[in-house]
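Asks: Mind having a look at this structure? Questions to follow.
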Amino acid sequence: MSIIIDNDTKLVVSGLTGREGSFHGLRNRAYGTQVVAGVTPGKGGADVEGIPVFDSIAESVEKAGANTSMIFVPARFAGDAINEAIDSGVETVIAITEGIPVMDMLPTYWRAREKGVRLIGPNCPGVLSPNKANVGIIPAQFFDEGRIGVVSKSGTLTYQIGNELKQAGEGNSSIVGIGGDPIVGSDFIDILTLFEADPDTDLIVMVGEIGGDAEERAADFIAEKITKPVVAYIAGFTAPPGKQMGHAGAIISGSSGTAKAKQEALEAKGVRVGVSPTEAAEIAVETLRSL
Amino acid sequence: MDLLEYQGKELFARHGLPVPEGGHAATIDAAVEAAESHGYPVAVKAQVLIGGRGKAGGIKIAQNAEEAREHADAILGMDITGPHGEGPFKVHELWVEAGSQIESEFYASVILDRSAKKLMVMLSRMGGMDVEAIAESDPDALVKEHVDPLNGLDATQAEAIVAKAKIPAEAADQVAPILVKLVEAAIAEDATLIEVNPLIVNSDGQVVLLDAKVSIDGNAMYRHPELEGLEAAEDQDEQEKMAKERGLTYVSLDGDIGILGNGAGLCMSTLDVVAQAGGAPANFLDAGGGSKAEAIIDALEVITSNPDVKAILFNIFGGITRGDEVAKGIIEATRKIGLELPLVVRLDGTNSEEGLALLGEAGLSNLHHEATMIGAAKRVVELAAATN
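Note that the protein sequences, when read in sequence, are chains A and B. Everything in the first sequence is counted per this note's numbering, starting at 37 for the first residue and increasing by one. Everything in the second sequence is counted per this note's numbering, starting at 3 for the first residue and increasing by one.
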């Protein structure tokens, strides 16, 4: 097993006819993901290298059996595209787009919750379940199949850690990029819950960064609900307060959201935190092998 | 993006919120002119993006033109340091506003509560002091209520908040609609923070928003072309300005090691690992996904324009970013700008072998390759120390 995406995933890509959308959509298909449809309003009836394009996501659900939607449309249209996906009948929406205004995401977050649709992202690299499916922009060659689940706010940092695990001879059940925005559809707690229930995940690596309190809330949740070992890494110990460090959500406000506070909260609940991506990967490998 | 007080008050006025009349001035003469047109007394207020201006001497009351001139002269050009050591910020602009007789001071704010994924309204009958100080001295005096994300704040909820905060009866009828409008303004203007401290009752019994702290979501700037020109004011730093013009994500830091990483998380992590190795990063620079050679040249130009930089570290784990493109950029930039500073490169991921081969062929004497992130951090710290 794996979480969120697998061999049964039938993907519809919003923005498939765009440059980025077609590049990554076709890469996802080449990896083995069932990409059953693309959506671009007004371009229904066309196709992208054999993938049929529809006018709406709902139509792709009805005619092509899509159950998962990937959003690759520009930021100013992405809020509406996510809302359309939530209402279309798919189970999961994975939003890659970076730069969506937070006031668009607030109502969209609650819309997804009310309809019971799982929203991943936005501003995330997507989800990879090695040897099953890849939805998004994660470069699959740096990961092997295995028993470590990874959940992360950052893309490249995840590649770094995943690759260190691979070099150590370990692999992943699924890798989930939850995104670096202030409001994301699923946070650490949501994904930890899925990994806890996944029989193919034995250990979870959680990669956080400055800003907000998702890591602190995850620490409490881990202590209460997660029986599998969790290893963490937090980026941003040298980040100055009040400065946005690349990701829209990566900002220390006053004295809250610091890397140190997150590390302390996790360690207080017994989660081991690596000081570097390399050390986090080493701890994960060592812990996994001692199980 | 943070707005200056007067920009925030202009935004409030657009939403029908009561603010004192005033005028913006960047010169002493303009300040006196603004004061004359509003009548005395006037408050001459430094426009900087930090709190604690009053204590630092950045707000002064003038009773006549002579005093207005004197205060404007004193405040323009002064350096103001924030209560937590922020800055110093040089005062380039003033806001000259009609003086208000303060009968009582309240606190009101609307913030994005990231944990709850909702907007939150805060209101207190104790204004004029730091919100943390209110929360500490009398937690019950700070009322916090979430706003329904799908329906906004209605009059009934606003009235309940006002009652809970024990706002005096004579002001309550005015404060409740102000809360409703503040929430409407936050949503319409994409503000992730609106803080009004103090919200006052003046001698005429009118409730007025006497200060304005407003942060606008940078991702929503395309919806607010009227705010576009204001952004330049907050950029104080040479390299940050230069990076912004080139579309790079850059934050200035105090150290002497220039850093470039691809991806925000990896770049932040690179800063941390350099600090652990005993070094001091000069900047955060996320070259982003899919960086082409031109972006690398731009980035190196920004990093090397900082005279403090003694050595540079490139930490690249290519996903969409291709190692050969990065290598081409490094080679081209080194030649173009005559880079002599030591440059440590760690190149992994997509097309990294091709990239390393290109770097090897180029035979750049200042270039040092390291296979791992930690090895590269140690190396760049040594090289920076050696140039001292």
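Just so it is clear, CB atoms sit at the ideal spot from N, CA and C, and this is done for glycine as well. Predicted, not measured: the structure shown is a model, and the values here were computed from it.
With distances taken Cα to Cα, identify the nearest neighbour of D83 of chain A among A:D223, A:A102, A:F224, A:L52.
Replies: One-based indexing of the first sequence puts residue 83 of chain A at position 47. The residue with the shortest Cα to Cα distance from D83 of chain A is A:L52.
Asks: Sort B:G53, B:G59, B:D206 by Cα distance to E134 of chain B and report the nearest one.
Replies: In the second sequence, residue 134 of chain B corresponds to position 132, counting from 1. Looking at the Cα atoms, B:G53 is the closest of the given residues.
Asks: For a quick check, are the C-beta atoms of V311 of chain A and Q278 of chain B less than 8 angstroms apart?
Replies: The sequence position of residue 311 of chain A within the first sequence is 275, counting from 1. The sequence position of residue 278 of chain B within the second sequence is 276, counting from 1. Result yes, Cβ atoms of V311 of chain A and Q278 of chain B sit closer than 8 angstroms.
Asks: Going by DSSP in three states, F286 of chain B sits in which element: helix, strand or coil?
Replies: Taking the first residue of the second sequence as 1, we reach residue 286 of chain B at position 284. F286 of chain B falls in the strand class under three-state DSSP.
Asks: Which residue marks the beginning of the alpha helix (DSSP H) containing R324 of chain B, and which one marks its end?
Replies: Position 322 of the second sequence, counted from the start, is the residue given in the question as residue 324 of chain B. Looking at the DSSP string, R324 of chain B is not in any alpha helix (DSSP H), and its letter there is neither H nor E.
Asks: Where does V276 of chain B fall in DSSP's three states?
Replies: Against the second sequence, residue 276 of chain B aligns to sequence position 274. V276 of chain B: helix per DSSP, three-state reduction.
Asks: Taking the DSSP output, what are the residues bridged to S188 of chain A?
Replies: Along the first sequence, one-based indexing puts residue 188 of chain A at 152. S188 of chain A is bridged to A:G213, A:V243.
Asks: Grouping DSSP H, G and I as helix and E and B as strand, with all else coil, what is Q176 of chain B?
Replies: If you number the second sequence from 1, residue 176 of chain B lands on position 174. Helix at Q176 of chain B.
Asks: Would you mind working out which of A:I227, A:G191, A:A176 sits nearest V245 of chain A, comparing C-alpha positions?
Replies: In the first sequence, residue 245 of chain A corresponds to position 209, counting from 1. The identity of residue 245 of chain A in the sequence shown is Glu, whereas the question assumes Val. The candidate whose alpha carbon is nearest that of E245 of chain A is A:G191.
Asks: With K264 of chain A and D236 of chain A assumed to form a contact (beta carbons below 8 angstroms), what rounded beta-carbon distance in angstroms separates them?
Replies: By 1-based counting over the first sequence, the position of residue 264 of chain A is 228. By 1-based counting over the first sequence, the position of residue 236 of chain A is 200. Actually they are not in contact, since the Cβ atoms of K264 of chain A and D236 of chain A sit about 11 angstroms apart, beyond 8 angstroms.
Asks: If we count the other Cβ atoms within 10 Å of its Cβ and call it buried at 16 or more, is K338 of chain B buried or exposed?
Replies: Here residue 338 of chain B refers to the residue found at position 336 when the second sequence is read from its first residue. It counts as exposed.
Asks: Find the residues of chain B that neighbour G78 of chain A, judging by a C-beta separation of less than 8 angstroms, and give them in chain order.
Replies: Working through the first sequence from its first residue, we reach residue 78 of chain A at position 42. Result: empty, since nearest Cβ-Cβ is about 22 angstroms, beyond 8 angstroms.
Asks: Could you work out which residue in B:T306, B:A364, B:L349 is closest to E334 of chain B when comparing CA atoms only?
Replies: Here residue 334 of chain B refers to the residue found at position 332 when the second sequence is read from its first residue. Here the closest residue by C-alpha is B:A364.
Asks: Straight-line CA distance for D175 of chain B to L228 of chain A?
Replies: Walking along the second sequence from the start, residue 175 of chain B turns up at place 173. Walking along the first sequence from the start, residue 228 of chain A turns up at place 192. Going by the C-alpha atoms only, they are around 47 angstroms apart.
Asks: For my contact list, E197 of chain B and K215 of chain B are in at a C-beta cut-off of 8 angstroms; report their separation, rounded to the angstrom.
Replies: Along the second sequence, one-based indexing puts residue 197 of chain B at 195. Along the second sequence, one-based indexing puts residue 215 of chain B at 213. Contact holds; Cβ gap of about 4 angstroms.
Asks: Starting from the C-beta of G115 of chain A, find all residues in its chain whose C-beta is less than 8 angstroms away, skip the five residues before and the five after it, and write them out in chain order.
Replies: Reading the first sequence from its first residue, position 79 is the one you call residue 115 of chain A. Within the same chain, G115 of chain A has close Cβ partners I136, P137, D140, M141, T144.
Asks: For M270 of chain B, which of helix, strand or coil comes out of DSSP?
Replies: Numbered from 1 along the second sequence, position 268 holds the residue referred to as residue 270 of chain B. Note: M270 of chain B maps to helix in three-state DSSP.
Asks: Can you tell me the Cβ-Cβ gap for V185 of chain B and V145 of chain B, rounded? I've got them flagged as a contact below 8 angstroms.
Replies: Taking the second sequence and counting its residues from 1, the one referred to as residue 185 of chain B is at position 183. Taking the second sequence and counting its residues from 1, the one referred to as residue 145 of chain B is at position 143. 14 angstroms between Cβ atoms; not a contact.
Asks: Buried or exposed: Q280 of chain A, going by 16 or more other Cβ atoms within 10 Å of its Cβ?
Replies: One-based indexing of the first sequence puts residue 280 of chain A at position 244. Classification of Q280 of chain A: buried, given that the 10 Å Cβ count is 16 or more.
Asks: What span of residues does the alpha helix (DSSP H) with L358 of chain B cover, start to end?
Replies: Taking the second sequence and counting its residues from 1, the one referred to as residue 358 of chain B is at position 356. L358 of chain B -> alpha helix (DSSP H) spans 354–364.
Asks: Could you give the distance in angstroms between the alpha-carbon of F59 of chain A and the alpha-carbon of I197 of chain A?
Replies: Numbered from its first residue, the first sequence carries residue 59 of chain A at position 23. Numbered from its first residue, the first sequence carries residue 197 of chain A at position 161. Whole-angstrom Cα-Cα distance: 25 angstroms.
Asks: List the whole-angstrom C-beta distance separating L343 of chain B from L287 of chain B, where the pair is believed to meet the contact cut-off of C-beta under 8 angstroms.
Replies: Within the second sequence, the letter at position 341 stands for residue 343 of chain B. Within the second sequence, the letter at position 285 stands for residue 287 of chain B. Actually they do not touch by this definition, with Cβ atoms about 15 angstroms apart.
Asks: So if I threshold CB-CB distances at 9 angstroms, which residues from the segment 319–344 of chain B count as touching chain A?
Replies: Residues F319, G320, G321, I322, T323.
Asks: Going residue by residue through the segment 236–288 of chain A, where are the continuous alpha helix (DSSP H) segments of at least 4 residues, counting only ones entirely within it?
Replies: The qualifying runs are 250–261.
Asks: Can you grab the Cα-Cα spacing for the pair L345 of chain B / M244 of chain B, in whole Å?
Replies: The count along the second sequence starts at 1 and reaches residue 345 of chain B at position 343. The count along the second sequence starts at 1 and reaches residue 244 of chain B at position 242. Roughly 21 angstroms between the two C-alpha positions.
Asks: Report buried or exposed for D206 of chain B, applying the criterion of at least 16 other Cβ atoms within 10 angstroms of its Cβ.
Replies: As a working note, residue 206 of chain B is residue 204 in the second sequence. Its Cβ having fewer than 16 others within 10 Å, D206 of chain B is exposed.
Asks: DSSP state of L19 of chain B, grouped into three classes?
Replies: Position 17 of the second sequence, counted from the start, is the residue given in the question as residue 19 of chain B. In the structure shown, L19 of chain B sits in coil (DSSP, three-state: anything other than H, G, I, E or B).
Asks: Is any beta-carbon of chain B found at less than 8 angstroms from that of P166 of chain A?
Replies: Here the question's residue 166 of chain A lines up with position 130 in the first sequence. It does not: the Cβ of P166 of chain A has no partner Cβ on chain B nearer than 8 angstroms.
Asks: Using the Cα positions of D123 of chain A and V75 of chain A, report the straight-line distance between them to the nearest angstrom.
Replies: Residue numbering aside, residue 123 of chain A sits at position 87 when the first sequence is read from its first letter. Residue numbering aside, residue 75 of chain A sits at position 39 when the first sequence is read from its first letter. If I take the Cα positions, the gap works out to 15 angstroms.
Asks: From G125 of chain A to R253 of chain A, what distance separates their C-alpha atoms?
Replies: Against the first sequence, residue 125 of chain A aligns to sequence position 89. Against the first sequence, residue 253 of chain A aligns to sequence position 217. C-alpha separation (whole angstroms): 31 angstroms.
Asks: Report the option in A:V153, A:A100, A:V89, A:G101 whose CA atom is closest to the CA atom of I118 of chain A.
Replies: Looking up residue 118 of chain A in the first sequence gives position 82. Ranking A:V153, A:A100, A:V89, A:G101 by Cα distance to I118 of chain A puts A:V153 first.
Asks: Roughly how many whole angstroms lie between the Cα atoms of A121 of chain A and R381 of chain B?
Replies: Sequence index remark: in the first sequence, residue 121 of chain A carries index 85 (1-based). Sequence index remark: in the second sequence, residue 381 of chain B carries index 379 (1-based). The alpha-carbon atoms of A121 of chain A and R381 of chain B are separated by roughly 49 angstroms.
Asks: Could you pull out every residue in the same chain whose Cβ sits closer than 6 angstroms to the Cβ of V109 of chain A, ignoring the five residues on either side in sequence?
Replies: Along the first sequence, read from residue 1 onward, the residue named residue 109 of chain A stands at position 73. Answer for V109 of chain A: S50, G51, A117, listed in chain order.
Asks: Alpha carbon to alpha carbon, how far is L193 of chain A from P283 of chain B? Give it in angstroms, no decimals.
Replies: Translated into positions along the second sequence, residue 283 of chain B becomes position 281. Translated into positions along the first sequence, residue 193 of chain A becomes position 157. Going from the Cα of P283 of chain B to the Cα of L193 of chain A covers about 18 angstroms.
Asks: Could you please give me the residues that DSSP links to N103 of chain A through a beta bridge?
Replies: Taking the first residue of the first sequence as 1, we reach residue 103 of chain A at position 67. Looking at the DSSP assignment, N103 of chain A forms no beta bridge with any residue, so it has no partner.
Asks: Within 8 angstroms of any Cβ in chain A, is that where the Cβ of L268 of chain B sits?
Replies: Looking up residue 268 of chain B in the second sequence gives position 266. Cβ-Cβ to chain A under 8 angstroms: yes for L268 of chain B.
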